[in-house]
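In full-length UniProt numbering, the protein residues as written are 1 to 352.
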């Protein structure tokens with residue numbers, strides 16, 4: 001159920017945001033309706049949302065028996081329900097019905113941060129025209145950026161270099177050494193690869209899409225060619241800036257023992273090396289999709305949103321794969337130390 005942007009204008013701290021930021025949050029928010037005696041959440045619950053009560057009344061019961069009322073029309077109703085995780089109390093509907101708005105907590109924090117940073121008169125990346133900041137909203141919503149600390153967002157925007165591009169201009173070419181990470185600020189582009197001996201367009205990019213991270217993470221040459229379709233502007237980060245600001249928080253590493261536990265609990269073990277490498281030596285139970293085919297083939301082996309552990313020989317290709325998979329909405333960990341680390345652990349267990 002859509003949420004009217006006017007609802008956000010009376011809530012704290014959303015009332016202090018620009019109208020376009022509130023409009024974006026309204027598009028992302030989810031409105032849920034509850035009946036009397038239904039629980040909105042229970043003490044101990046862990047979730048990813050900030051909740052606002054838009055209509056009705058809740059009774060908030062703490063484990064020690066203390067009760068507090070939360071009423072949408074009361075002065076305190078403009079504040080979110082306590083955001084502590086795990087939840088500290090059980091919120092039960094005591095009115096005939098209630099309406100609750102949910103907004104992803106991390107995305108909300110990122111948009112509030114950007115909204116405040118971009119008010120500085122010296123800020124270079126805010127657009128005053130309608131729709132000119134859509135690339136920011138889409139970038140910060142990307143799954144790969146979900147766990148990016150808010151402090152890194154400020155650094156990222158400070159380090160961005162704007163680049164004007166023309167129609168048909170080639171931004172990067174397959175086989176070239178890696179130098180920059182890019183975000184499409186305006187315009188559109190095509191992504192092509194040599195597949196089966198001929199160049200094939202495998203994707204299209206628009207405002208807010210990113211490219212160039214694969215080679216930076218894997219320390220390999222570019223695996224695709226990106227050509228502008230419409231002229232526009234790109235934002236780029238140098239290799240040094242990318243490695244300092246984006247690479248560490250975006251990658252979740254798992255030691256071999258932790259990776260084994262994840263797989264035992266249902267995670268898919270994904271080998272992103274070449275098929276010949278996988279045939280020669282691989283971890284039992286793994287499925288193979290080489291890094292250069294990941295975007296094209298992953299949907300055939302992974303269910304949407306699946307939990308994945310990726311590995312390669314050393315961890316470099318795994319890092320690139322983890323970034324790609326996170327951007328596609330998967331929950332991903334990369335095997336620290338690669339195949340060798342896992343095999344050493346298995347050998348130690350066998351000998352012990």
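Cβ coordinates follow ideal geometry from the N, Cα and C atoms, glycine included. Quantities reported herein were computed from a predicted structural model and do not represent experimental measurements.
The C-beta distance from residue 18 to residue 5 rounds to 11 Å, too long to meet the 8 Å contact threshold. By the neighbour-count criterion, in which 16 or more other beta carbons inside 10 Å mark a residue as buried, residue 70 falls on the buried side. The alpha-carbon of residue 262 is positioned some 23 Å away from that of residue 274. No residue range can be given for residue 285, since it is assigned to no alpha helix (DSSP H) and is classified by DSSP as neither H nor E. In the structure shown, residue 39 falls within a strand segment according to DSSP collapsed to helix, strand and coil.
Annotation: the UniProt domain "Rhodanese" (263 to 351) contains the following complete segments of the beta strand (DSSP E) (minimum length 3 residues), in chain order: 268 to 271, 307 to 311 and 331 to 335. If you draw a straight line from the Cα of residue 239 to the Cα of residue 216, it is about 7 Å long. Around the beta carbon of residue 213, 16 or more other beta carbons lie within 10 angstroms, which makes this residue buried. The residue among 101, 55 and 158 with its C-alpha nearest the C-alpha of residue 236 is 158. Boundaries of the alpha helix (DSSP H) harbouring residue 243: 239 to 245, taken from the DSSP string. The C-alpha of residue 230 is placed about 16 Å away from the C-alpha of residue 132.
Annotation for residue 312: 272, 273, 318 and 338 place their beta carbon closer than 6 Å to its own, counting only its chain and skipping 5 residues before and after. Looking at the DSSP output, residue 46 bridges to nothing. Here the alpha carbons of residue 148 and residue 106 stand approximately 9 Å from one another.
Per DSSP, residue 213 is one residue of the alpha helix (DSSP H) stretching across 213 to 218. Its chain contains 185, 207 and 208 as the residues whose beta carbon lies nearer than 6 Å to that of residue 135, once the 5 sequence neighbours on both sides are disregarded; these appear in chain order. Residue state for residue 139 is assigned as helix, using DSSP reduced to three classes. Across the structure, residue 251 and residue 241 are spaced so that their CA atoms are roughly 16 Å apart. With contacts defined as CB atoms closer than 8 Å, residue 246 and residue 181 qualify as a contacting pair.
The alpha carbon of residue 10 has as its nearest neighbour, out of 72, 96, 145 and 294, the alpha carbon of 72.
Between residue 65 and residue 154, the alpha-carbon positions lie close to 42 Å from each other. Among the bridge pairs identified by DSSP, residue 200 is matched with 193. The three-state secondary structure of residue 122, taken from DSSP, is coil. At the C-beta level, residue 38 and residue 93 come within 8 Å of one another. Where residue 78 is concerned, there is no enclosing alpha helix (DSSP H), because DSSP gives it neither an H nor an E.
Around residue 334, the same chain offers 251, 252, 253, 254, 309, 310, 311, 315, 318, 319, 321 and 322 as residues with beta carbons nearer than 8 Å, after the five sequence neighbours per side are excluded.
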